[in-house]
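Under this note's numbering, the first residue of the sequence shown carries the number 8, and numbering increases by one thereafter. This report concerns only the one structure given below.
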Amino acid sequence: MKTFYFETLGCDKNTADTRAYTEKLVSKGLIEVENPNEANFVFINTCSFIVPAKEESIGTILDLTTIKKQNPEVKIIAVGCLIEQHMEAIESSIPELDGLIGVYGFDDNNIHKLFSLMGLEDITDEKVDIQEALPGSATGYLKIADGCDNHCTYCTIPSIKGPYKSREAESIVSEAQNLYNNGVRELVIVAQDITDYGKDLENKMSLPALLTKIAEIPYIWIRLLYVYPSGITAELLDVIKENKNIVPYLDIPMQHSENHILKTMGRIEDRDSLNKLLSFIRYEIPEIVFRSTFILGFPGETEEDFEGLCDFVLNNKIQWAGAFTYSQEYGTPASKMENQVPKETKEERLDIFMGKQKDISEALNTTYLHKEILCLIEEKVEDGLYLGRTYFQAPDIDGLVYIKSTADQEVGSFVEVVIESVDIYDLIGVVKSEFCK
């Protein structure tokens with residue numbers, strides 16, 4: 008039986024794409040393995056959002072091609088954004104790769120090309136039951152669209168993935184149902200900007216209408232990532248309020264807070280509109296938790312701008328804030344701007360920003376002390392100790408809950424936990440039924 012291994016880099020959209028590849032491969036009778044040295048086929052799903060992501064992707068490819076020294080028969084295939092952007096250069100500079108496929112790699116043409124490379128053309132798609140063959144997970148990613156129409160001045164995504172392209176609602180709801188049938192209980196909905204969903208469809212299906220359909224499936228949690236500020240409407244907030252399985256958590260990529268920086272970034276918001284939006288959301292959904300990402304050291308950013316951004320994050324109580332230093336991406340308008348900020352200044356600001364963010368996260372975590380919260384069990388650490396998350400912690404990017412329990416807890420199950428103490432990012436608690444005051 009042929010085996011395959013997938014190394015996934017970059018964002019949650021890549022995680023969703025990897026699952027699409029995996030389903031196609033499993034349908035052909037292949038078995039997924041956790042060790043690349045045990046695989047007949049090794050895939051690397053690459054990222055090229057910024058220079059460090061490109062470097063990580065290239066480094067991972069070079070590391071995994073060394074497997075050929077021990078196993079010359081292994082096929083190594085690189086897919087995704089880096090390949091789409093730099094296919095010819097990678098093909099000529101890394102000849103150890105056996106195949107290169109860009110974005111939208113699982114469309115019919117590319118899948119035929121892939122299966123031909125792997126010698127799988129004559130195997131039918133009816134070989135196995137997908138739900139039986141794929142390893143179960145309580146969390147699943149559902150990508151509802153690809154591409155982007157926003158054209159921010161620092162970003163290469165539109166040039167890599169093209170214009171915004173929504174999936175048909177029927178296909179999305181069907182996939183959501185299949186994920187639930189396969190044991191997923193937390194559904195994470197992703198796209199480059201999920202609020203743009205449906206604008207390119209003939210029926211103009213909206214995100215609120217789509218979410219209403221998905222929420223009919225009895226998921227415990229439905230989580231929304233990449234919700235652009237300009238697309239957050241009263242109708243969307245009403246759908247979140249009306250459907251208790253849509254968690255009060257919004258990942259809103261704001262990038263900065265200062266007006267002239269936002270303008271040169273090509274963003275349509277300003278500081279005042281962002282403040283009003285966040286206040287409005289809190290008024291409508293008091294228990295809401297915000298996550299956002301910010302770029303530090305964008306061209307023209309002054310010390311005053313940086314201090315303004317830090318104040319903005321503090322005043323708006325953004326519990327989870329990721330940040331990265333501006334990366335001068337070739338071909339983008341921002342790369343040609345004057346007043347580029349020195350690398351040392353950018354890195355210093357990043358350190359200061361994340362230090363301040365630690366204080367914000369820890370202070371907000373303390374508000375959950377002695378409260379009962381529903382948690383998803385994700386991993387058993389040792390006897391009596393488990394790792395989990397609650398509704399305001401997205402997978403992989405936010406904090407965790409360390410859960411104490413003398414009873415055996417099933418990974419993938421949900422339990423009520425009483426929070427006993429907090430760390431900077433994490434919570435520590437005990438299963439409610441075992442809690443002693």
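Ideal placement from N, C-alpha and C gives every residue a C-beta, glycine not left out.
For R356, the enclosing alpha helix (DSSP H) starts and ends at 350-372. Setting aside the 5 residues that flank it on each side, K220 is surrounded in the same chain by A176, V180, each with a C-beta closer than 7 angstroms to its C-beta; the list follows chain order. Using a 10 angstroms sphere on the CB of F287, the tally of other CB atoms stays under 16, which defines it as exposed.
In this structure, Y161 lies away from D200, with their beta-carbon atoms at least 8 angstroms apart.
Taking a contact as a CB-CB distance under 8 angstroms, the pair I367 and V320 counts as one, their CB atoms being some 7 angstroms apart. For I229, the uninterrupted beta strand (DSSP E) segment begins and ends at 228-231. In the DSSP assignment, D200 falls outside any alpha helix (DSSP H) and carries neither an H nor an E. Per DSSP, the beta-bridge partners of R298 are D258, W327. Taking P340 as the centre and dropping the five residues before and after it, the same chain places the C-beta of T160 closer than 6 angstroms to its C-beta, in chain order. Taken through DSSP and simplified to helix, strand or coil, K35 comes out as coil. The distance from the Cβ of L257 to that of F297 is about 6 angstroms, consistent with a contact at the 8 angstroms cut-off. The DSSP-derived three-state label of T163 is coil. Taking a contact as a CB-CB distance under 8 angstroms, the pair S412 and G395 does not count as one, their CB atoms being some 10 angstroms apart. Taken through DSSP and simplified to helix, strand or coil, A176 comes out as helix.
Residue environment analysis places G338 among the exposed positions, since fewer than 16 neighbouring C-beta atoms fall within 10 angstroms of its C-beta. K270 and I68 have their C-alpha atoms some 37 angstroms from each other. Beta-bridge annotation (DSSP): V86 is paired with N52, I108.
Contact between L303 and F360 holds: CB atoms are separated by about 6 angstroms, below the 8 angstroms threshold. Counting C-beta pairs with one atom in each stretch, the segment 368-379 and the segment 348-358 have fewer than three that are closer than 8 angstroms, which means they do not touch. Fewer than three Cβ pairs drawn from the segment 373-392 and the segment 242-253 lie within less than 8 angstroms of each other, which leaves the two stretches out of contact. Residue range 379-389 is occupied by the beta strand (DSSP E) that includes K387.
Nearest neighbour of Q184 by Cα position, chosen from E209, A222, D105, turns out to be A222.
The C-beta separation of E379 from V348 comes to about 46 angstroms, leaving the pair out of contact by the 8 angstroms criterion. DSSP links Y409 through a beta bridge to L394, I435.
The straight-line gap separating the alpha-carbon atoms of K172 and C155 is approximately 8 angstroms. By the beta-carbon neighbour count (other beta carbons within 10 angstroms, threshold 16), M261 is buried.
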